[in-house]
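Working notes, structure below.
Number of protein chains: 2
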Amino acid sequence: MDLLVTKGFYVTVLDDLSAKTDLRYLKPHLEKRKADFHKISVQNYDDLLSLNMDYDCIFHLAAQPDVKLSVSNPRFDFETNVVGTFNILEYMRERDVRNLIFASSVGTVYGEPDVFPTPERYPLKPISNYGAAKAASEMYCSSYTSLYGFNITSLRLGNIYGPRSTHGVIYDFYHKLQKNSSELEILGDGSQTKSYLYIDDTVNAFNIAYENLQEGFDVFNVSSEEITTVKKIADELTNILGLNDVTYTFTGGKRGWKGDVVYSSVAISKLQSLGWDAHTTLETGIRKYVEWLNQF
Amino acid sequence: MDLLVTKGFYVTVLDDLSAKTDLRYLKPHLEKRKADFHKISVQNYDDLLSLNMDYDCIFHLAAQPDVKLSVSNPRFDFETNVVGTFNILEYMRERDVRNLIFASSVGTVYGEPDVFPTPERYPLKPISNYGAAKAASEMYCSSYTSLYGFNITSLRLGNIYGPRSTHGVIYDFYHKLQKNSSELEILGDGSQTKSYLYIDDTVNAFNIAYENLQEGFDVFNVSSEEITTVKKIADELTNILGLNDVTYTFTGGKRGWKGDVVYSSVAISKLQSLGWDAHTTLETGIRKYVEWLNQF
């Protein structure tokens, strides 16, 4: 958002505020008339149609983000993440918007692959409804691109963390440690290995995807190459916080929750070939994130 | 249906009759109380929930079947083919039905692959909304299987033809020739090469899939290995009908319609390893189909 305005774009922002988005970062742009904001859900197509400017590109990040919730309440997740994306694509067809960058997921669409690092061409076999929704959405990105001449790029993103983020494992650990600095509960056995992505590297991926958008549907894994267990995240965080005496307790089981992918390591050479890289190490990233979290 | 009753099963049949299903074949089973019928759409979850028997397995073939319509009216196709399948899966979760055979599509989910014959592991990249809907449905079959312990097999079916079928290219050609036996309009340039599947071989595939249903989500291509162009279908049909003097006219372009996959050839060794095969040659199949069509 900040980058788009810096680049000289006027931005229309949509959010139904269901994930309690903090609008304070948007305010300066609204005041300078560089953006407008609409409390609209992508679930509601008629509301979407009320927006009628000559948009160049849609950055579609509207989603129910919680894998756990997608398992306990599949229909809500489906309505937001599949119907929502379908509505965006229908909007593009109706309003003749040609370009879309779609925020997909690198850690959930492949399910439990047997090739590491997993390349984009690997067949999708999600084990959570969240992953199924992102994969299903990509299927429609594929057909709409082919049928109606759209240019669509799907960025399969790792777990994004960093300033302004108010969910995710690091955020959760930080607040657990605020409450009790001697003990930290870790979901699962702590050996889950995931793909993380610092916010600045994420924004840069969107920027590069937009700059390189071309005819057809394309897909990119976006992740750090650092292989990190959840326990190592905890180590890193407690170290940065200067807490040397934290006892870990584990809820046990190999998964943190139902539908949790326990090992993810993906190939990122495709996006690297466009000049992107994950420049921020996990240590630096967590350090910057903690600095931000410490302000509150 | 006939086979299921022969095998001793009691069958509940659901159809919203939107595709003008001919119920005459069902009638004997209803009269013998081997089956019950409900005019219900899979789009309507509340209606589905009204059915509450201890079902062993769902054979999910309810769909909007027309690729062309999926392109001109994406939302109707989405509601029937994606929401419909999602509702079936939700029904299974709610009513504790463990087994599902899903009718997917071999000719549309891969889009335009560059590997022939295309194996099941090939990544899905549909070019029609019909294909996207089938692929999206498979993504949910995958997650639901993993999350809720279902046993699901997806049969990616070729173009099914044979007695009782009232749509498809052979059906269309037959009726065009009934109206005018000297000229036949062929959509596209006639070189489109597709996967066909005779009805008896299709039923046998469902039977074998059911007999071999096991834990997890599995996918099988189901198609004849005969490589056949649309023009060759026309040749075969005119030959069987004894029409030697038919002039073909072509609407032109490589696709018969928007979203039409022009070349499909899939690997069927996976289902063959379970003892299935396409026993009916295209010539025999068309001959039997014509015998049936000639009755009316």
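As given, the protein sequences belong to chains A and B, one line each in that order.
One point on numbering: in the working numbering, the residue at position 74 of the first sequence is 179, and numbering is uninterrupted.
One point on numbering: in the working numbering, the residue at position 34 of the second sequence is 139, and numbering is uninterrupted.
Here a beta-carbon is modelled for each residue, glycine too, at the ideal position from N, C-alpha and C.
Under DSSP, the alpha helix (DSSP H) around arginine 180(A) begins and ends at which residues?
It spans 179-183 - the alpha helix (DSSP H) in which arginine 180(A) sits, taken as one unbroken run.
In chain B, what lies closer than 7 Å to glycine 191(A) by C-beta?
Strictly speaking, residue 191(A) in this sequence is phenylalanine, with glycine absent from that position. Chain B residues near phenylalanine 191(A): Phe183.
According to DSSP, is aspartate 152(A) helix, strand or coil?
Aspartate 152(A) falls in the helix class under three-state DSSP.
Whose Cβ in chain A lies nearer than 9 Å to the Cβ of proline 179(B)?
Residues of chain A passing the Cβ test: Phe191, Leu194, Glu195, Arg198, Tyr245, Ser248, Tyr249 and Leu252.
Apart from the five residues on each side of it in sequence, which residues of its chain come closer than 8 Å, Cβ to Cβ, to alanine 372(A)?
Closer than 8 Å at Cβ, skipping near neighbours: Pro222, Thr223, Pro224, Glu225 and Asn326.
Identify, in the order they occur along the chain, each residue of the same chain with its Cβ nearer than 8 Å to the Cβ of leucine 342(B), setting aside the five sequence neighbours on each side.
Contacts found: Ile275, Phe278, Tyr279, Leu282, Ile391 and Val395.
Give the DSSP-derived three-state secondary structure of isoleucine 257(A) in the structure shown.
DSSP places isoleucine 257(A) in strand when its eight states are reduced to three.
For the stretch 242-262 of chain B and the stretch 185-194 of chain B, state whether three or more C-beta atom pairs, one from each stretch, are separated by less than 8 Å.
Segments in contact, yes.
Please report how far the alpha carbon of aspartate 306(A) lies from the alpha carbon of glycine 216(B), in whole angstroms.
Taking the straight line joining both Cα atoms gives about 32 Å.
Between which residues of its own chain and isoleucine 145(B) is the CB-CB distance below 7 Å, once the five residues before and five after are set aside?
Excluding residues within five positions, the ones whose Cβ falls inside 7 Å are Leu119, Asp121, Asp152 and Leu153.
May I ask you to check if the CB of serine 378(B) is nearer than 7 Å to at least one heavy atom of the ligand COA?
Ligands are entirely absent from the displayed structure, and the ligand COA is therefore not among its contents.
By DSSP, does alanine 140(A) sit in helix, in strand, or in coil?
Alanine 140(A): strand per DSSP, three-state reduction.
If you compare alpha carbons, which of Ile304(B), Val308(B) and Thr333(B) is closest to lysine 393(B)?
Comparing Cα positions, the closest option is Ile304(B).
With distances taken Cα to Cα, identify the nearest neighbour of asparagine 204(A) among Tyr235(A), Thr271(A), Asp323(A) and Arg138(A).
It is Asp323(A).
Of all the residues that make up the stretch 146-159 of chain B, which are near chain A by a beta-carbon distance shorter than 7 Å?
Flagged: no residues at all.
Hey, how far is the Cα of alanine 70(B) from the Cα of isoleucine 232(B)?
Since the first residue of chain B shown is 106 and the last is 401, residue 70(B) is not available in this structure.
Check whether the Cβ atoms of tyrosine 301(B) and leucine 376(B) lie closer than 8 Å to each other.
No.
At 3 residues or longer, what runs of the beta strand (DSSP E) sit wholly inside the stretch 201-249 of chain A?
Runs of the beta strand (DSSP E) inside the stretch 201-249 of chain A: 204-210.
Specify, as a first and last residue, the run of the beta strand (DSSP E) that histidine 165(B) falls within.
It spans 162-165 - the beta strand (DSSP E) in which histidine 165(B) sits, taken as one unbroken run.
Identify, in the order they occur along the chain, each residue of the same chain with its Cβ nearer than 6 Å to the Cβ of glycine 358(B), setting aside the five sequence neighbours on each side.
For glycine 358(B), where only same-chain residues beyond five positions count, the Cβ hits under 6 Å are Gly293.
Please list the residues of the stretch 224-239 of chain B that have a C-beta atom closer than 9 Å to any C-beta atom in chain A, keeping them in chain order.
Listed by position along the chain: Glu225, Arg226, Tyr227, Pro228, Leu229, Lys230, Pro231, Ile232, Ser233, Asn234, Tyr235, Gly236, Ala237, Ala238 and Lys239.
Could you give the DSSP three-state label for lysine 125(B): helix, strand or coil?
In the structure shown, lysine 125(B) sits in coil (DSSP, three-state: anything other than H, G, I, E or B).
Among Gly380(B), Thr126(B), Tyr160(B) and Tyr235(B), whose alpha-carbon lies nearest the alpha-carbon of asparagine 309(B)?
Here the closest residue by C-alpha is Gly380(B).
What is the DSSP secondary structure of glycine 321(B), counted as helix, strand or coil?
Note: glycine 321(B) maps to strand in three-state DSSP.
For serine 286(B), which option in Tyr353(B), Pro179(B), Ile206(B) and Leu174(B) has the closest C-alpha, if you only look at C-alpha atoms?
The candidate whose alpha carbon is nearest that of serine 286(B) is Tyr353(B).
According to a CB-to-CB cut-off of less than 7 Å, which residues of the stretch 130-146 of chain A neighbour chain B?
Cβ contacts with chain B: none found.
For my contact list, lysine 299(A) and threonine 333(A) are in at a C-beta cut-off of 8 Å; report their separation, rounded to the angstrom.
The Cβ separation is near 7 Å, so the contact holds.
In whole angstroms, what separates the C-alpha of threonine 126(A) from that of alanine 167(A)?
Their Cα atoms are separated by approximately 11 Å.
Using beta carbons (cut-off 8 Å, strictly below), is lysine 337(A) in contact with chain B?
Not an interface residue.
Please look up how many angstroms separate the CB atoms of serine 210(B) and arginine 261(B), rounded, as I've assumed it's under 8 Å.
Right, their Cβ atoms sit about 6 Å apart.
Let me know if histidine 143(B) comes out buried or exposed under the rule of 16 or more other beta-carbons within 10 Å of its beta-carbon.
It is exposed - the Cβ of histidine 143(B) has fewer than 16 other Cβ atoms within 10 Å.
Closest by CA to valine 176(A), which one among Arg180(B), Ser247(B) and Ser123(B)?
Cα-wise, what sits closest to valine 176(A) is Ser247(B).
Tell me whether asparagine 349(B) sits in a helix, a strand or coil according to DSSP, three-state version.
Coil, per DSSP.
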